[in-house]
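One point on numbering: in UniProt numbering, the residue at position 108 of the sequence shown is 108, and numbering is uninterrupted.
Note that CB positions come from ideal geometry on N, CA and C, so glycine has one too.
Worksheet: the structure to be examined is printed underneath.
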Amino acid sequence: MSFEWLTQPIHPDEPCGLDLDLEGDDDYIDYLDDVDIRLPSIYAKKVFGGEKGETAQFEVFKPSSVKIKQERKAVEDLLQNTRDIRLLVYLAQWEILAGELEGFMEAVEAIAALIEAFGPDVHPALTADPNDRKLALEALTKSDTVLQPMQHVSLTGADDVTYRLYQVATQAVTARGGEESADAGRIMSDIGSASEVEDTHAFLTRTAQALHKIMVLSKKAPEGAFTPKLEGLFRIIADIQGLIRSGRADLQVWSAEDAGDMDDSADDAIANEDAGAAGDDPATGDAPAATKATSVADAPAAGSITTQPEARVTLRAIETYLARFEPSSAALLLVTQSRLLIGRPLIEALETLLPGEANKAVIDFGPGTGFALNMDKLRTLASEGLGAVSTADDPSQPDPTPPVLNNRADVAAQLRAVEDFFRRNEPTSPIPLLLVRARVYLDKDFEAIVADLIPKQVSTGD
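Printed below as a string of structure tokens:
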């Protein structure tokens with residue numbers, strides 16, 4: 001939904017139009033009364049249980065219940081006659097409740113654009129009561145209509161890849177009664193391989209940038225200046241981007257330092273966040289994972305790897321460390337497989353990782369051409385391609401120095417460095433996917449590994 005038209009004045013004498021709330025406009029008042037009733041007061045509602053040791057069962061708000069087109073039209077119609085950020089705050093809540101992160105971002109950006117364009121005059125005007133605007137903006141940090149829905153937004157387009165499910169899978173929070181289980185390794189693998197995660201990351205970054213602008217403009221307002229408390233929303237954005245970065249090291253967590261024009265007071269307001277700012281779950285009392293102990297797998301990348309031989313030596317060093325100190329580690333298996341795939345063609349990777357499906361592989365040029373390259377032909381081409389060049393390391397070059405590994409955090413950092421190298425230089429390689437899972441396995445105990453390697457069979461009742 002485009003809001004570019006919002007920065008155009010309604011009338012030369014009244015650029016923002018009238019404050020429909022103060023005017024008692026019937027349509028405006030009816031909308032506010034209606035929306036306050038329809039917005040959920042509890043995102044995860046207990047439906048039964050919880051007494052005498054019985055596990056409580058919860059029902060989570062369903063994004064599909066939001067008729068988002070109707071919500072957008074209702075707000076857009078009212079904004080034709082007024083420039084009012086309260087309407088956009090309501091719309092932002094509906095967007096995120098509907099699982100529409102892009103729509104949420106656009107609403108927050110529109111709020112920032114209105115404040116930038118009209119300053120103290122946009123409704124609620126600072127000339128009346130600055131606290132009205134402060135309260136309106138801080139509604140963007142409501143737990144049940146913003147922060148908890150943010151945790152349930154799909155990161156890759158798949159419903160089972162969310163920040164909330166990752167928290168549950170890693171036991172950072174306690175699962176609600178009735179909440180589905182999840183596999184942290186698979187979630188991380190999906191984040192590392194799905195292209196849609198780049199859009200999610202971009203939407204989060206743009207939202208943070210808009211919030212940053214709102215804070216700066218509010219703090220520097222010529223009259224009625226204030227600093228809205230938006231820490232909760234900044235925090236959940238950082239938490240989700242932190243999870244994304246664990247699977248995609250090339251996607252960074254937004255920071256106020258990146259903006260450049262943040263004054264010290266606004267910077268402090270973002271930095272000094274409460275431990276529970278990201279929306280504790282009232283159903284479990286849990287805070288988001290980022291407020292708890294950091295996992296080894298989240299260690300930042302070590303120094304940059306620049307060559308394939310360096311990547312190979314690094315993986316060999318990791319193998320040696322794990323074989324010596326953690327021989328039962330499932331990560332060791334994936335590191336070895338990754339090293340064996342260095343310099344190997346796509347066909348070999350398919351045959352190794354998809355043994356039951358590889359023979360079905362075909363490059364199809366479309367029904368209009370009738371052209372296709374089946375697996376047998378692809379094997380031949382792969383062999384011919386490798387035969388044209390030497391895949392051995394250049395003997396004239398000195399062997400790379402292996403990294404020093406003192407603990408699992410060092411291992412995780414080097415794994416991430418190898419991931420980064422292949423993402424930059426060989427994006428078709430499956431090695432980053434394998435190494436993301438290897439990092440996740442570094443934090444898992446035997447029981448969790450067994451559950452991951454040997455999934456329980458679901459009884460059909462027959």
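Give the straight-line distance between the Cα atoms of residue i and residue j, rounded to the nearest whole angstrom.
| i | j | result |
| --- | --- | --- |
| Leu-79 | Ala-107 | 12 Å |
| Thr-352 | Ala-113 | 52 Å |
| Phe-226 | Leu-135 | 11 Å |
| Pro-430 | Arg-437 | 11 Å |
| Phe-325 | Ala-172 | 27 Å |
| Leu-453 | Glu-54 | 31 Å |
| Lys-46 | Phe-58 | 4 Å |
| Thr-7 | Lys-213 | 16 Å |
| Thr-200 | Glu-102 | 8 Å |
| Val-89 | Asp-33 | 15 Å |
| Phe-104 | Thr-162 | 17 Å |
| Gly-157 | Val-168 | 19 Å |
| Pro-288 | Glu-23 | Low per-residue confidence applies at Pro-288: pLDDT is 45, beneath 50, and the placement is therefore not dependable, though the value from the model is reported in the following sentence. Approximately 42 Å between the Cα atoms of the pair. |
| Met-215 | Asp-239 | 20 Å |
| Leu-315 | Leu-442 | 15 Å |
| Gly-177 | Ala-56 | 5 Å |
| Ala-448 | Leu-251 | 28 Å |
| Pro-40 | Asn-374 | 54 Å |
| Glu-95 | Gly-368 | 41 Å |
| Asp-420 | Asp-77 | 47 Å |
| Ile-244 | Ala-311 | 23 Å |
| Gly-99 | Leu-147 | 12 Å |
| Phe-3 | Glu-426 | 39 Å |
| Ile-85 | Pro-9 | 15 Å |
| Leu-217 | Lys-69 | 30 Å |
| Leu-137 | Ile-342 | 51 Å |
| Ile-305 | Leu-334 | 19 Å |
| Asp-36 | Ser-154 | 26 Å |
| Leu-97 | Pro-149 | 6 Å |
| Tyr-166 | Ile-237 | 15 Å |
Does residue i pass the burial test, meaning 16 or more other C-beta atoms within 10 Å, or should it be called exposed?
| i | result |
| --- | --- |
| Trp-5 | exposed |
| Pro-424 | A small fix is needed here, since residue 424 is Arg in this sequence, not Pro. Arg-424 should be labelled exposed. |
| Pro-403 | buried |
| Pro-222 | exposed |
| Pro-432 | buried |
| Ala-372 | exposed |
| Ala-349 | buried |
| Ile-347 | buried |
| Glu-109 | buried |
| Ile-318 | buried |
| Gly-17 | buried |
| Ala-290 | In this prediction, Ala-290 scores a pLDDT of 41, lower than 50, which makes its location untrustworthy; the coordinate-derived value is nonetheless stated afterwards. Answer is buried; the Cβ neighbour count reaches 16. |
| Met-246 | In the sequence on display, residue 246 carries Ser and not Met. Ser-246 comes out buried. |
| Asp-258 | exposed |
Measure how close the beta-carbons of residue i and residue j come, nearest whole angstrom, since I'm counting them as under 8 Å.
| i | j | result |
| --- | --- | --- |
| Asp-132 | Pro-124 | 4 Å |
| Thr-141 | Gln-93 | The pair is not a contact, with the Cβ atoms about 11 Å apart (cut-off 8 Å). |
| Ala-361 | Leu-378 | 7 Å |
| Ala-439 | Ala-417 | First, the residue type needs correcting, since residue 439 is Arg and not Ala in the sequence shown. About 11 Å separates the two Cβ atoms, so there is no contact after all. |
Segment contact, 8 Å Cβ cut-off, at least three pairs: the stretch 207-219 with the stretch 189-197: No, the stretch 207-219 does not touch the stretch 189-197.
Every unbroken alpha helix (DSSP H) within the UniProt domain "ImpA N-terminal" (8-138), with a cutoff of 4 residues, ordered by chain: 20-23, 26-38, 68-79, 85-97, 101-118 and 130-138
May I ask you to verify whether the stretch 315-335 touches the stretch 407-419, counting CB pairs closer than 8 Å and requiring at least 3? yes
Cβ pair count under 8 Å reaching 3, the stretch 17-30 against the stretch 59-70: Short answer: they don't touch.
Residue ranges of each alpha helix (DSSP H) within the stretch 141-199, 4 or longer: Those alpha helix (DSSP H) runs which fall completely within the stretch 141-199 and span 4+ residues are 148-151, 163-169 and 184-193.
4-residue-minimum alpha helix (DSSP H) runs that sit fully inside the stretch 208-256, ordered along the chain: 231-247
In chain order, what are the residue ranges of uninterrupted alpha helix (DSSP H) at least 4 long that sit wholly in the stretch 288-367? The qualifying runs are 308-325, 330-341 and 346-353.
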